[in-house]
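Peer 1: Line order of the protein sequences matches chains A and G.
Quick note, the first sequence lines up with residues 270 to 473 if you use our numbering.
Quick note, the second sequence lines up with residues 270 to 473 if you use our numbering.
Built from N, CA and C at the ideal position, the CB exists for glycine as well.
I'd like to ask you about the structure that follows.
There are 2 protein chains.
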Amino acid sequence: MPKGKPDFVPDDGLTTRQRRNRPLLIVHTGTMKGKSTAAFGMALRAWNQGWSIGVFQFVKSAKWKVGEEAALRALGEVHANTGQGGPVEWHKMGEGWSWARKAGTEEDHAANAREGWAEIARRISAAQHDFYVLDEFNYPLHWGWIDVGEVVEVLRDRPGRQHVVITGRNAPPELVEAADLVVEMTKVKHPMDAGQKGQRGIEW
Amino acid sequence: MPKGKPDFVPDDGLTTRQRRNRPLLIVHTGTMKGKSTAAFGMALRAWNQGWSIGVFQFVKSAKWKVGEEAALRALGEVHANTGQGGPVEWHKMGEGWSWARKAGTEEDHAANAREGWAEIARRISAAQHDFYVLDEFNYPLHWGWIDVGEVVEVLRDRPGRQHVVITGRNAPPELVEAADLVVEMTKVKHPMDAGQKGQRGIEW
Chain A
270 MPKGKPDFVP
280 DDGLTTRQRR
290 NRPLLIVHTG
300 TMKGKSTAAF
310 GMALRAWNQG
320 WSIGVFQFVK
330 SAKWKVGEEA
340 ALRALGEVHA
350 NTGQGGPVEW
360 HKMGEGWSWA
370 RKAGTEEDHA
380 ANAREGWAEI
390 ARRISAAQHD
400 FYVLDEFNYP
410 LHWGWIDVGE
420 VVEVLRDRPG
430 RQHVVITGRN
440 APPELVEAAD
450 LVVEMTKVKH
460 PMDAGQKGQR
470 GIEW
Chain G
270 MPKGKPDFVP
280 DDGLTTRQRR
290 NRPLLIVHTG
300 TMKGKSTAAF
310 GMALRAWNQG
320 WSIGVFQFVK
330 SAKWKVGEEA
340 ALRALGEVHA
350 NTGQGGPVEW
360 HKMGEGWSWA
370 RKAGTEEDHA
380 ANAREGWAEI
390 ARRISAAQHD
400 FYVLDEFNYP
410 LHWGWIDVGE
420 VVEVLRDRPG
430 RQHVVITGRN
440 APPELVEAAD
450 LVVEMTKVKH
460 PMDAGQKGQR
470 GIEW
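Below, the structure written as structure tokens:
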């Protein structure tokens, strides 16, 4: 994407630099592939800035992101070993969150999702990371497991300079309203239309 | 994206495994951000499979992908040092291609683009990489610098199991027709609408 100029300069009392560096709330939604993939692609840029990255996966199975997880963990190791880039934490809901004292109850996904959000809200209030990926977070919001109003409030009031990327279909309207950048991935053509199943290295 | 089942099983004489492992031609197009970013996110999965990755950037300036380049090169180093993941090559048009004996003429972008495509076609014929990112390649195609029919022919006839991802606005119809997977990134909301310019770590 070529470097662009904004169409107008808002009368918001901010300098160009302040406005430029305003932390972003980004939503990747739509029915098509690429929502999470683009979020992890963004994490590469964040890593290169030396930012602290926190990934939180709101999915039951982690099978579908093993490649991204391995690569981003490897980049976190590069940081730990050489100082290049930034640190990476990767947490997934799976069978309870990694920070939880006991494994979550497999059956109560809603409670697990709420526990995940509570931890994220704590980290955001403490400005613990610079770049968050809340992967598939739109699902627990869409299903009403987590209160969207509370999420928007925590995100709006977040201190410092924390960028947050939220992925998943059916982004709630209140979240889209609060976001700075919303991308919808739409389908033009998919190999499953031609009877092809997912394959290693491409889908996971 | 949950693991799906294809809607129908085609009568193409292939086993499910053969069909599953068919190499893909993928196009990321549309006016919105995320096209290249999602391609580099896919490269993380390819890397984790130990695949050889070749990135070819068809842009004049490389400024906008420095984060992805640094992170993917770091992953290539991880592979070289530990054997984890796969090797990564990153080539950019900039001031001539890295393999060219002499620097390209800054003025003749069309000739530089054609030289890039000629090298890619050679590598594809030799099955040199497993995963190609032809970043912003839709532009030289759209502008008529490179013949789309020839590109489609080389891609259609490519030997072995080489996946190719092509990004950029205005994907030519013949390329969309030949592709297995086409994603269009569409804009819902962008911070430039609110007068915010691009920022370090987010845009590059």
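(1) Looking only at its chain, what residues have a beta carbon closer than 7 Å to the beta carbon of alanine 447 of chain A, apart from the 5 residues adjacent to it on each side?
(2) To the nearest angstrom, how far is it from the Cα of proline 474 of chain G to the Cα of methionine 362 of chain A?
(3) How big is the Cα-Cα spacing for valine 335 of chain A and aspartate 377 of chain G?
(4) Can you give me, in chain order, the residues of the segment 294 to 305 of chain A that have a beta carbon less than 9 Å from any beta carbon in chain G?
(5) For histidine 378 of chain A, name the three-state secondary structure that DSSP assigns.
(6) Does glycine 355 of chain A pass the burial test, meaning 16 or more other C-beta atoms within 10 Å, or should it be called exposed?
(7) Check whether the Cβ atoms of valine 296 of chain G and alanine 440 of chain G lie closer than 8 Å to each other.
(8) Within 10 angstroms of its Cβ, does tryptophan 359 of chain A collect 16 or more other Cβ (buried), or is it exposed?
(9) State the start and end residues of the unbroken alpha helix (DSSP H) segment that holds histidine 348 of chain G.
(10) Are the C-beta of alanine 343 of chain A and some C-beta of chain G separated by less than 8 Å?
(11) Would you kindly check if the distance between the Cβ of glutamate 388 of chain A and the Cβ of tryptophan 368 of chain A is under 8 Å?
(12) For alanine 379 of chain G, I'd like the list of residues in its chain whose CB is within less than 6 Å of its CB, leaving aside the five on either flank, ordered along the chain.
(13) Can you list, in chain order, the residues of its chain whose CB lies under 7 Å from that of arginine 392 of chain G, leaving out five sequence neighbours each side?
(14) Quick check on aspartate 416 of chain A: buried or exposed, where buried means 16 or more other Cβ atoms within 10 Å of its Cβ?
(15) List the residues of chain G whose Cβ lies closer than 7 Å to the Cβ of asparagine 317 of chain A, in chain order.
(16) Is any beta-carbon of chain A found at less than 8 Å from that of isoleucine 322 of chain G?
(17) Among residues of its own chain, excluding the 5 on either side of leucine 344 of chain A, which ones have a beta-carbon nearer than 7 Å to its beta-carbon?
(18) Check whether the Cβ of histidine 360 of chain G lies closer than 8 Å to any Cβ atom in chain A.
(19) Give the DSSP-derived three-state secondary structure of leucine 450 of chain G in the structure shown.
(20) Looking at valine 452 of chain A and glycine 303 of chain G, is the spacing between their C-beta atoms short of 8 Å?
(21) Please report the distance separating the alpha-carbon of glycine 467 of chain A from that of glycine 299 of chain A.
(22) For chain A, find out if any of its Cβ atoms is closer than 8 Å to the Cβ of lysine 272 of chain G; answer yes or no.
(23) Give a yes or no on whether the C-beta atoms belonging to glycine 437 of chain A and phenylalanine 406 of chain A are separated by under 8 Å.
(24) Can you tell me whether isoleucine 471 of chain G is helix, strand or coil according to DSSP?
(25) What does phenylalanine 309 of chain A reach in chain G if we use C-beta pairs closer than 8 Å?
(26) Is any beta-carbon of chain A found at less than 8 Å from that of isoleucine 389 of chain G?
(27) Taking its Cβ as the centre, do 16 or more other Cβ atoms sit within 10 Å of asparagine 350 of chain A, making it buried, or is it exposed?
(28) Find the nearest neighbour of glutamate 346 of chain A within the set A/Phe325, A/Gly319, A/Gly365 and A/Val328, judged by alpha-carbon distance.
(29) Ordered along the chain, which non-local residues of its own chain (more than five positions away) have a Cβ less than 7 Å from that of valine 445 of chain A?
Peer 2: Taking the coordinates as given:
(1) Looking up residue 447 of chain A in the first sequence gives position 178. If we look at alanine 447 of chain A and ignore the five residues flanking it on each side, its Cβ neighbours are Leu294, Val421, Leu424 and Arg425.
(2) Absent from the model: residue 474 of chain G. The displayed extent of chain G is 270 to 473, so no value can be given.
(3) The residue given as residue 335 of chain A occupies position 66 in the first sequence. The residue given as residue 377 of chain G occupies position 108 in the second sequence. For valine 335 of chain A and aspartate 377 of chain G, the distance between alpha carbons rounds to 42 Å.
(4) Along the segment 294 to 305 of chain A, going in chain order, the ones with a CB nearer than 9 Å to a CB of chain G are Ile295, Val296, His297, Thr298, Gly299, Met301, Lys302, Gly303, Lys304 and Ser305.
(5) Position 109 of the first sequence, counting from 1, holds the residue named residue 378 of chain A. Three-state DSSP puts histidine 378 of chain A in a helix.
(6) The residue given as residue 355 of chain A occupies position 86 in the first sequence. Counting other Cβ atoms within 10 Å of its Cβ, glycine 355 of chain A reaches 16 or more and is therefore classed as buried.
(7) If you number the second sequence from 1, residue 296 of chain G lands on position 27. If you number the second sequence from 1, residue 440 of chain G lands on position 171. Contact check for valine 296 of chain G against alanine 440 of chain G passes: the beta carbons are separated by less than 8 Å.
(8) As a first step, residue 359 of chain A must be located in the first sequence, where it is residue number 90. Of the other Cβ atoms in all chains shown, 16 or more fall within 10 Å of the Cβ of tryptophan 359 of chain A; this residue is therefore buried.
(9) To locate residue 348 of chain G, count along the second sequence from 1; it is residue 79. From DSSP, the alpha helix (DSSP H) with histidine 348 of chain G extends over 335 to 351.
(10) Counting from 1 along the first sequence, the entry for residue 343 of chain A is found at position 74. It does: the Cβ of alanine 343 of chain A has a partner Cβ on chain G nearer than 8 Å.
(11) The residue given as residue 368 of chain A occupies position 99 in the first sequence. The residue given as residue 388 of chain A occupies position 119 in the first sequence. Their beta carbons are under 8 Å apart, which means tryptophan 368 of chain A touches glutamate 388 of chain A by this criterion.
(12) Here residue 379 of chain G refers to the residue found at position 110 when the second sequence is read from its first residue. Correct list, in chain order: Trp414.
(13) Residue numbering aside, residue 392 of chain G sits at position 123 when the second sequence is read from its first letter. Cβ within range, chain order: Gly323 and His398.
(14) Residue 416 of chain A sits at position 147 when you count from the first residue of the first sequence. Within a 10 Å sphere around the beta-carbon of aspartate 416 of chain A sit fewer than 16 other beta-carbons, which makes this residue exposed.
(15) What you label residue 317 of chain A is simply residue 48 of the first sequence in a count that begins at 1. Within chain G, the residues near asparagine 317 of chain A are Val335, Gly336, Ala339 and Ala340.
(16) Stepping through the second sequence from its first residue, residue 322 of chain G is reached at position 53. It does not; no Cβ of chain A falls within 8 Å.
(17) To locate residue 344 of chain A, count along the first sequence from 1; it is residue 75. So the qualifying residues of the chain are Trp316, Gly354 and Val357.
(18) Taking the first residue of the second sequence as 1, we reach residue 360 of chain G at position 91. No, its Cβ sits nowhere closer than 8 Å to a Cβ of chain A.
(19) Counting from one through the second sequence, the residue named residue 450 of chain G turns up at place 181. DSSP places leucine 450 of chain G in strand when its eight states are reduced to three.
(20) Working through the second sequence from its first residue, we reach residue 303 of chain G at position 34. Working through the first sequence from its first residue, we reach residue 452 of chain A at position 183. Taking 8 Å as the Cβ cut-off, glycine 303 of chain G and valine 452 of chain A qualify as a contacting pair.
(21) Residue mapping note: residue 467 of chain A aligns to position 198 of the first sequence, counting from 1. Residue mapping note: residue 299 of chain A aligns to position 30 of the first sequence, counting from 1. So the two alpha carbons sit approximately 19 Å from each other.
(22) Indexing the second sequence from 1 puts residue 272 of chain G at position 3. Unreliable positioning characterises lysine 272 of chain G in this predicted model, as indicated by a pLDDT of 47, which lies under 50. The coordinate reading is nonetheless provided below. Taking Cβ atoms only, chain A reaches closer than 8 Å to lysine 272 of chain G, which makes this a yes.
(23) Here residue 437 of chain A refers to the residue found at position 168 when the first sequence is read from its first residue. Here residue 406 of chain A refers to the residue found at position 137 when the first sequence is read from its first residue. With a cutoff of 8 Å on beta-carbon distance, glycine 437 of chain A and phenylalanine 406 of chain A are scored as near each other.
(24) For the purposes of this step, residue 471 of chain G is taken as the residue at position 202 of the second sequence. In the three-state scheme derived from DSSP, where H, G and I count as helix and E and B as strand, isoleucine 471 of chain G is classed as coil.
(25) Locating residue 309 of chain A in the first sequence gives position 40, where the first residue counts as 1. What phenylalanine 309 of chain A touches in chain G: Gly310 and Leu313.
(26) Residue 389 of chain G sits at position 120 when you count from the first residue of the second sequence. Put simply, the CB of isoleucine 389 of chain G is far from chain A, with every gap to its CB atoms at 8 Å or more.
(27) Working through the first sequence from its first residue, we reach residue 350 of chain A at position 81. Counting other Cβ atoms within 10 Å of its Cβ, asparagine 350 of chain A stays below 16 and is therefore classed as exposed.
(28) Position 77 of the first sequence, counted from the start, is the residue given in the question as residue 346 of chain A. Checked all of A/Phe325, A/Gly319, A/Gly365 and A/Val328; the closest Cα to glutamate 346 of chain A is A/Gly319.
(29) As a working mapping, residue 445 of chain A is identified with position 176 in the first sequence. Only Val296 and Val451 meet the Cβ criterion.
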